[in-house]
Amino acid sequence: MQIFGVDIGGSGIKGAPVDLDRGDLAQERHKVLTPHPATPDAVADGVREVVGHFGWTGPVGLTFPGVVTGGALIRTAANVDKSWVDKDARALFAERLGGLPVTVVNDADAAGVAEMHFGAGRGRRGTVVVLTFGTGIGSAVFVDGTLVPNTELGHLELDGHEAEKRASSKVKEDRDLTWEQWAHRVQRYLAHVEMLFSPELFIIGGGVSRKAHKFLPHIEGIEAEIVPAQLQNNAGIVGAAMRAAERE
Numbered sequence: 000m001q002i003f004g005v006d007i008g009g010s011g012i013k014g015a016p017v018d019l020d021r022g023d024l025a026q027e028r029h030k031v032l033t034p035h036p037a038t039p040d041a042v043a044d045g046v047r048e049v050v051g052h053f054g055w056t057g058p059v060g061l062t063f064p065g066v067v068t069g070g071a072l073i074r075t076a077a078n079v080d081k082s083w084v085d086k087d088a089r090a091l092f093a094e095r096l097g098g099l100p101v102t103v104v105n106d107a108d109a110a111g112v113a114e115m116h117f118g119a120g121r122g123r124r125g126t127v128v129v130l131t132f133g134t135g136i137g138s139a140v141f142v143d144g145t146l147v148p149n150t151e152l153g154h155l156e157l158d159g160h161e162a163e164k165r166a167s168s169k170v171k172e173d174r175d176l177t178w179e180q181w182a183h184r185v186q187r188y189l190a191h192v193e194m195l196f197s198p199e200l201f202i203i204g205g206g207v208s209r210k211a212h213k214f215l216p217h218i219e220g221i222e223a224e225i226v227p228a229q230l231q232n233n234a235g236i237v238g239a240a241m242r243a244a245e246r247e
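Take the sequence shown: its position 230, counting from 1, is numbered 229 in numbering that gives the first Met the number 0, and each next residue is one higher.
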């Protein structure tokens with residue numbers, strides 16, 4: 000079974016048909032840059048371009064970098080335009096995609112669902128925290144495999160700032176930090192999350208998961224097991240498609 004997944008991020012909008020039997024992309028993904036400002040209409044145009052690239056005419060699952068309630072309503076918009084707040088994203092995307100069935104889910108929740116089903120969290124019980132490092136820091140918390148939605152742990156305070164303003168991968172790039180310097184910031188963040196949630200496992204996702212060998216060895220003093228996401232930066236696309244399939 001194939002469903003289309005789209006992952007909307009602060010820097011890019013990427014999507015592809017997903018093979019839900021394998022938990023992998025059925026075709027090579029297509030990506031466009033996230034518009035700036037990332038207003039609802041501009042982002043919807045980008046989504047239409049990604050979906051249209053494949054000539055897709057079936058259900059579409061989309062991630063959004065903020066709190067999503069009821070599979071439709073946007074509650075926060077930290078890394079996109081603030082005009083998203085209180086927007087019915089499902090209605091907007093459905094209209095822009097010519098009436099295709101649409102499902103919208105928080106981006107980190109989507110990535111987490113995919114990792115728990117097909118990736119590094121498969122079969123794991125207890126408390127698992129999936130963290131995606133990109134433009135911001137997304138989070139997905141699972142207890143015995145059940146998602147606690149919209150946790151948004153990237154906005155925890157760390158050293159007097161929002162954590163994602165200290166330890167996202169964008170911060171690493173913007174401040175030209177070495178992998179070791181950045182790892183020390185991530186370590187402080189993980190220690191804070193561990194103090195609050197006492198997880199058995201941290202799964203580190205986002206684009207940096209492809210280079211886990213460059214920073215994970217520098218992270219020390221965390222009791223929980225720390226592993227890179229197996230689906231890497233495709234987890235959001237896969238998770239979005241999984242959520243869309245649940246509505247079918």
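Just so it is clear, CB atoms sit at the ideal spot from N, CA and C, and this is done for glycine as well.
**Q.** Beta-carbon proximity check, I73 vs K86, cutoff 8 Å
**A.** Yes, Cβ-Cβ distance for I73 and K86 is below 8 Å.
Q. Where does M0 land, buried or exposed, given buried means 16+ other C-beta within 10 angstroms?
A. Under this definition M0 is an exposed residue.
(Q) So, under 8 Å CB-CB, A77 and G135 are touching, yes? Tell me the CB distance rounded to an integer number of Å. (A) Contact check for A77 and G135: beta-carbon distance about 6 Å, within the 8 Å limit, so the pair qualifies.
Q) Secondary structure at D87, three-state DSSP: helix, strand or coil? A) Strand at D87.
Q: Identify whether R139 lies in helix, strand or coil by the three-state DSSP scheme.
A: A small correction: the amino acid at residue 139 is Ala; Arg does not occupy that position in the sequence shown. Of the three classes helix, strand and coil, the one that applies to A139 here is strand, per DSSP.
(Q) Checking 8 Å against the spacing of the C-beta atoms, do G220 and T62 come in under that value? (A) Contact annotation: G220 and T62 have beta-carbon atoms that are not nearer than 8 Å.
(Q) Would the region 63-70 count as touching the region 16-30 if we require 3 or more Cβ pairs under 8 Å? (A) Output reads no: the region 16-30 does not touch the region 63-70.
Q: Would you mind working out which of V112, L157, P16 sits nearest H52, comparing C-alpha positions?
A: Checked all of V112, L157, P16; the closest Cα to H52 is P16.
Q) Roughly how many angstroms separate the alpha carbons of E156 and A162, rounded to a whole number? A) When rounded, the separation of the alpha-carbon atoms in E156 and A162 is 6 Å.
Q: Assuming V237 contacts F117 (C-beta within less than 8 Å), just tell me the rounded distance between them.
A: Indeed, because the Cβ distance is near 7 Å, the residues count as touching under 8 Å.
Q) Which same chain residues, not among the five before or five after G14, have their C-beta less than 7 Å away from its C-beta? A) Cβ within range, chain order: F3, G4, V5, D6, R28, H29, V49, V50, I236.
Q: Helix, strand or coil for E163, going by three-state DSSP, please let me know.
A: In this structure, E163 counts as helix in the three-state DSSP scheme.
Q. Whose C-alpha, out of T145, F132, R124, is nearest the C-alpha of S10?
A. For the residues T145, F132, R124, the minimum Cα distance to S10 belongs to F132.
**Q.** Touch test, the region 198-213 against the region 107-123, Cβ-Cβ under 8 Å, three pairs minimum
**A.** Enough Cβ pairs lie closer than 8 Å, so yes.
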